[in-house]
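One structure is given below, encoded as structure tokens.
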Amino acid sequence: MYNYLSAGFMAYLRRDLLLGIRNKSDLVKPLIFFLLVSALVPLAIAPEAERLSQLAPGIIWIFAVLATLLSVERLFSDDLQDGSLEQMLMSPNLLIMPILGKITAHWVVIGLPLTLLSPVIGVWFSLPTIAVMPMMLSLAIGTAVLSLIGAVGAALTLPRQGGVLLALLVMPLYMPVLIFGSAVIQSAVDGLDWTAPLAILAALLAIAVALCPLAINAGLRLAKNG
Amino acid sequence: MNLNVKWTWFHRLGSPRWFYQKTQRWLPWLSLLTLSLLITGLVWGLAFAPEDAKQGNSFRIIYVHVPASVVALAGYYMMAIAGAVGLIWRIKLSYMLMRSAAPIGAALTFIALVTGAIWGKPTWGAYWVWDARITSMLILLFLYLGVMALRHTYSSSEAADKASAILGLVGMVNVPIIYKSVDWWQTLHQPATIKFTGAPSMHPDMFMPLLVMIIGFYAFYAVTLMLFTRAEILRREYRASWVKQLVTNKTAEK
Amino acid sequence: MAAANILKIKSLAFERNDALLFEPVSFELNSGEALHVEGANGAGKTTLFQLLIKMLEPCSGELLFRGQPVSECHFEYLSDILFIGHQSAVKAALTASENLSWMSPQGTSSEKIAAALQSVGLEHYANVPCYRLSAGQHRRVALARLMTTSASLWYLDEPFAALDKQGVDFIEGCMQNHLNRGGSIVFSSHQDLVKIAARSYRLNPFREVV
Amino acid sequence: MYFDSLQQLIFMDGHGVYVWSAFIISLTVMLGLVIKPLCQKKQELKNIQLHIKLQQVNQAAMQEEASDASHS
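Chains as they are written, first to last, in the numbering used here: chain U, 2 to 227; chain E, -16 to 237; chain P, 915 to 1124; chain B, 16 to 87.
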């Protein structure tokens, strides 16, 4: 049984990564969005380093949330349209593993690049260097939670393909991640202990990994009824 | 499907017809109780309770704000549990209850938000302050709106019911997390401004009318939930023979 | 060889928005048999297939697989069926052979995949990404699964749609081979089949009795 | 009563506007919560009546058709 589990996970992880690499434009879009809106902030507010560094923790996290929200919409809808979702649901094994595989792939394609790109924005917003490491850690863990929760919303809104409805469903659920994610950066900037909010983020990840696949599984099975 | 035999009592409870007929009998009494509780609470709270030492008379808003918030929050759990019961035992009635609970909860949350904002003006000097309780209420409103909006995603009502139930359950796990995180976030950013008076420190003269109002709001919730569910039953069960019978009897009376 | 009972369906019914979609379905299928599900557009053929592959839950009725209720042998049932529906499940970004090996049972050798692609006439397209292929060719990639699958019960929903004469011949050949091997098929089609002897089952839309 | 006069009850030391507007808005929304399902119920009953009537008309038409067929 163990073999079956890991097989489903790896197979879907590998395929979705391959698809992500082949569709380069889809991969790059959220990242460009992330950079672009970040570049708007100094223009709209003021290019003063002090003010920007005050805003940085919150702004980086808000844009990370928006970038994942943009991309999570298509997590299952492509599969629904070409029929591979049906084949996935027909798999005799536990569906949780393929689902987790797909979400992991989504994180590798979206969350990880965002994390790696975030120091650039840190520099733009004159974020103190001591806060860069905590910021990357918080984004790495936090975007994984965002992918998981976003996938629940994507599964439930499949028949009508997300859009504003997806944002309405998912944003309130994103709130804790947003709060603790920006708190990690803020604490690091203020020279406080930032491991506590990071630990809470990790706890949220643990809860999400355990519960979200169940909801996604149930949600995907409804898509055909739509 | 093989449940029908063993669980007859349970299924009778889950029968829309049973609910429709019982509530017909309960509603007058329950409405009377609700009305008297609300009127007692209102008059007591508005005219007889003493004013708060710090906040003066504006504190009387507590008599709608707190009951509305309490019932709105409890209503979310009610809705989610009704959805879960529907998912597990496939009882249509509990889906109808879930569906009816959403607009009521949203309206109560709206009341809590508006009264909170009005209360904020004399207390903090601004209509909106990012106070922990008000922020959580705002998020709760979005959660309710999400459940209401999701329904239109599905053309089949069975799928819509199940999807709303799943979303409700996900929300139910999240509500305490959201509350705790917003609470924590507030202590981080705004140490000790005036908080809306907490119950334990309240004088009994102030607390008793609040208690009456809270009970009154629960009763009000029950009444509106029954009203909404009865309309929903008619909407969905229009094919059932007992509904047709009911309608023909009514027209005959006229 | 006594024909073993593979599938037995007892008054399977499905409700959408509290209305039955078609008259309750009952049939039996033995090994080596094919069943042709007929019915006008909108009679519910596709829904019936969705019920058979457990994508939808019936509101009443029973599904027995090798004499056992499917709810009790979920794993065995799902690992022994193959379903090809209207959608080909082909990913445009992957090549034909990548798609086919993804859809085939695990550990299918690359020779077998190449052979399957050859038999559907796609041997020159094996390493071409599928967005370069036409709709009919997408369909062929999906149908090449018939060569690599190990499932004994096939569900084919409109397998002949969007195919030319040569493609139809190929599928009929595959189906005949499968039947000869003792497999069973449930399929739907608007065309009359010449080569395959199949019982037919008529699906009637449910009319509300007033 | 806590207040000395009705006027004081309404004025509430300058907080009256807030208190009374909060209560009036709440009560309006609550009233809406009672009226809406009642209207909805009325509408549903009308719809069902229409449905029954339509069915009767259909049934009559079908019977007529059947009797026509048997006569000819």
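Glycine included, C-beta positions come from ideal geometry on N, C-alpha and C.
Exercise for the section: Please classify F200 of chain E: does DSSP put it in a helix, a strand, or coil? Expected result: Taking the second sequence and counting its residues from 1, one reaches residue 200 of chain E at position 217. DSSP, read as helix, strand or coil, puts F200 of chain E in helix.
Problem - Residue nearest to P1119 of chain P in terms of C-alpha spacing, selected from P:A918, P:R930, P:L921, P:N919 - result: Here residue 1119 of chain P corresponds to residue number 205 of the third sequence, with the count starting at 1. When each option's Cα is compared against that of P1119 of chain P, the closest is P:R930.
Exercise for the section: Excluding the 5 residues preceding and the 5 following G59 of chain U in the sequence, name in chain order all residues of the same chain whose CB lies nearer than 7 Å to its CB. Expected result: Stepping through the first sequence from its first residue, residue 59 of chain U is reached at position 58. Here the set comprises S183.
Exercise for the section: Using a Cβ cut-off of 8 Å (strictly closer), state whether S140 of chain E contacts chain P. Expected result: One-based indexing of the second sequence puts residue 140 of chain E at position 157. When Cβ-Cβ separations below 8 Å define contact, S140 of chain E makes contact with chain P.
Problem - Three-state class that DSSP yields for W113 of chain E in the structure shown - result: For the purposes of this step, residue 113 of chain E is taken as residue 130 along the second sequence, with counting starting at 1. Coil.
Practice task
Identify whether T1009 of chain P lies in helix, strand or coil by the three-state DSSP scheme.
Solution key: Taking the third sequence and counting its residues from 1, one reaches residue 1009 of chain P at position 95. In the displayed model, T1009 of chain P falls within a strand according to three-state DSSP.
Problem - Of the listed residues P:D994, P:I995, P:N1013, nearest to A1003 of chain P (C-alpha basis) - result: Here residue 1003 of chain P refers to the residue found at position 89 when the third sequence is read from its first residue. For A1003 of chain P, the closest of P:D994, P:I995, P:N1013 by C-alpha to C-alpha distance is P:N1013.
Problem - Range covered by the beta strand (DSSP E) that runs through N94 of chain U - result: Locating residue 94 of chain U in the first sequence gives position 93, counting from the first residue. No beta strand (DSSP E) holds N94 of chain U; DSSP gives it neither H nor E.
Handout entry: First through last residue of the beta strand (DSSP E) which encompasses E87 of chain U
Key = Stepping through the first sequence from its first residue, residue 87 of chain U is reached at position 86. It is not in any beta strand (DSSP E) - E87 of chain U instead sits in the alpha helix (DSSP H) that spans 85 to 90.
Problem - Neighbourhood of F211 of chain E by C-beta distance below 6 Å, restricted to the same chain and skipping five residues each side - result: Taking the first residue of the second sequence as position 1, residue 211 of chain E is located at position 228. For F211 of chain E, where only same-chain residues beyond five positions count, the Cβ hits under 6 Å are S83.
Problem - Segment limits, beta strand (DSSP E) that includes G975 of chain P - result: Walking along the third sequence from the start, residue 975 of chain P turns up at place 61. First-last of the beta strand (DSSP E) with G975 of chain P: 974 to 979.
Practice task
Would you check if there are 3 or more beta carbon pairs closer than 8 Å linking the stretch 199 to 215 of chain U to the stretch 170 to 189 of chain U?
Solution key: Enough Cβ pairs lie closer than 8 Å, so yes.
Practice task
Could you tell me the distance, in whole angstroms, from the CA atom of A145 of chain U to the CA atom of I180 of chain U?
Solution key: Here residue 145 of chain U corresponds to residue number 144 of the first sequence, with the count starting at 1. Here residue 180 of chain U corresponds to residue number 179 of the first sequence, with the count starting at 1. Cα-Cα distance, rounded: 15 Å.
Handout entry: chain E contacts from the stretch 926 to 955 of chain P (Cβ-Cβ distance under 7 Å)
Key = Of all residues in the stretch 926 to 955 of chain P, only R930, N931, D932 come within less than 7 Å of chain E when Cβ atoms are compared, listed by chain position.
Problem - Beta-carbon proximity of L1117 of chain P to E947 of chain P, cut-off 8 Å - result: Working through the third sequence from its first residue, we reach residue 1117 of chain P at position 203. Working through the third sequence from its first residue, we reach residue 947 of chain P at position 33. Against a cut-off of 8 Å, the Cβ pair of E947 of chain P and L1117 of chain P comes out as no contact.
Problem - Limits of the alpha helix (DSSP H) - the one that Y991 of chain P falls within - result: On the third sequence, residue 991 of chain P is found 77 positions in, with the first residue counted as 1. 988 to 993 is the extent of the alpha helix (DSSP H) around Y991 of chain P.
Practice task
Would you kindly work out how many angstroms separate the C-alpha atoms of I45 of chain E and T116 of chain U, rounded to a whole number?
Solution key: The residue you call residue 45 of chain E lines up with position 62 of the second sequence. The residue you call residue 116 of chain U lines up with position 115 of the first sequence. Using only the alpha carbons, I get a separation of about 45 Å.
Problem - Reduced DSSP secondary structure (H/G/I, E/B, other) of A146 of chain E - result: Translated into the one-based positions of the second sequence, residue 146 of chain E becomes position 163. Three-state result, A146 of chain E: helix.
Practice task
Specify the secondary structure class of S1114 of chain P as computed by DSSP and reduced to three states.
Solution key: One-based indexing of the third sequence puts residue 1114 of chain P at position 200. Judged by DSSP in its simplified three-state form, S1114 of chain P adopts strand.
Exercise for the section: With distances taken Cα to Cα, identify the nearest neighbour of A95 of chain E among B:G29, B:M27, B:V44. Expected result: Position 112 of the second sequence holds residue 95 of chain E. Considering only alpha carbons, the answer is B:V44.
Problem - From P:P938, P:F928, P:T960, residue whose alpha carbon lies closest to that of S1103 of chain P - result: Locating residue 1103 of chain P in the third sequence gives position 189, counting from the first residue. When P:P938, P:F928, P:T960 are compared, the shortest CA-CA separation from S1103 of chain P is found for P:T960.
Problem - Listed by chain order, chain B residues near L242 of chain E by CB distance under 7 Å - result: Residue 242 of chain E is absent from the model: chain E starts at -16 and stops at 237.
Practice task
List the residues of chain P that R219 of chain E touches, going by C-beta distances under 8 Å, in chain order.
Solution key: Numbered from 1 along the second sequence, position 236 holds the residue referred to as residue 219 of chain E. Going along chain P in sequence order, the residues near R219 of chain E (Cβ under 8 Å) are D932.
Handout entry: P214 of chain U classed as buried or exposed, judged by whether at least 16 other C-beta atoms fall within 10 angstroms
Key = What you label residue 214 of chain U is simply residue 213 of the first sequence in a count that begins at 1. Looking at its Cβ environment, which holds 16 or more other Cβ atoms inside 10 Å, P214 of chain U is buried.
Exercise for the section: Quick one: using the 10 Å Cβ neighbour count with 16 as the cut-off for buried, is G29 of chain B buried or exposed? Expected result: Mapped onto the fourth sequence, residue 29 of chain B falls at position 14. By the neighbour-count rule (16 or more Cβ atoms within 10 Å), G29 of chain B is not buried but exposed.
Practice task
Give a yes or no on whether the C-beta atoms belonging to I122 of chain U and I61 of chain U are separated by under 8 Å.
Solution key: The residue you call residue 122 of chain U lines up with position 121 of the first sequence. The residue you call residue 61 of chain U lines up with position 60 of the first sequence. Taking C-beta atoms as the reference points, I122 of chain U and I61 of chain U count as a pair closer than 8 Å.
Handout entry: Contact residues within the stretch 993 to 1018 of chain P, judged by C-beta distance below 8 Å to chain U
Key = Of all residues in the stretch 993 to 1018 of chain P, S993, I995, F997, G999, H1000, Q1001, S1002, A1003, V1004, K1005, A1006, A1007, L1008, E1012, W1016, M1017 have a Cβ within less than 8 Å of some Cβ in chain U.
Problem - beta strand (DSSP E) segments (min. 3 residues) lying fully within the stretch 1064 to 1095 of chain P - result: The qualifying runs are 1067 to 1071.
Exercise for the section: For chain E, find out if any of its Cβ atoms is closer than 8 Å to the Cβ of R16 of chain U; answer yes or no. Expected result: Indexing the first sequence from 1 puts residue 16 of chain U at position 15. So, not an interface residue.
Practice task
Compare the C-alpha of V939 of chain P against each of P:R1059, P:F928, P:A1065 and name the closest.
Solution key: Here the question's residue 939 of chain P lines up with position 25 in the third sequence. The shortest C-alpha separation from V939 of chain P is found at P:F928.
Exercise for the section: Starting from the beta carbon of W168 of chain E, find every residue of chain U whose beta carbon is closer than 8 Å, and list them in chain order. Expected result: On the second sequence, residue 168 of chain E is found 185 positions in, with the first residue counted as 1. Those within 8 Å of W168 of chain E in chain U are I180, A184.
Practice task
Report yes if the C-beta distance between L90 of chain U and M969 of chain P is below 8 Å; otherwise report no.
Solution key: Taking the first sequence and counting its residues from 1, one reaches residue 90 of chain U at position 89. Taking the third sequence and counting its residues from 1, one reaches residue 969 of chain P at position 55. Taking a C-beta distance under 8 Å as the contact criterion, L90 of chain U and M969 of chain P qualify as a contact pair.
Problem - Contained beta strand (DSSP E) runs [length at least 3] in the stretch 17 to 60 of chain B, N- to C-terminal order - result: DSSP runs (the beta strand (DSSP E)) wholly in the stretch 17 to 60 of chain B: none.
Practice task
Indicate whether F1085 of chain P and L1057 of chain P have their beta-carbon atoms separated by less than 8 Å.
Solution key: For the purposes of this step, residue 1085 of chain P is identified with residue 171 of the third sequence, where counting begins at 1. For the purposes of this step, residue 1057 of chain P is identified with residue 143 of the third sequence, where counting begins at 1. Rather than Phe, the amino acid found at residue 1085 of chain P in this sequence is Ile. Their beta carbons are under 8 Å apart, which means I1085 of chain P touches L1057 of chain P by this criterion.
Handout entry: Spatial neighbours of L29 of chain E in its chain, beta-carbon cut-off 8 Å, leaving aside the 5 residues before and after
Key = Reading the second sequence from its first residue, position 46 is the one you call residue 29 of chain E. Only residues of its own chain outside the window of five on either side were considered, and among them R43, Y46 have a CB closer than 8 Å to the CB of L29 of chain E, listed in chain order.
Practice task
Pick helix, strand or coil for N157 of chain E, following the three-state DSSP scheme.
Solution key: Here residue 157 of chain E corresponds to residue number 174 of the second sequence, with the count starting at 1. Helix.
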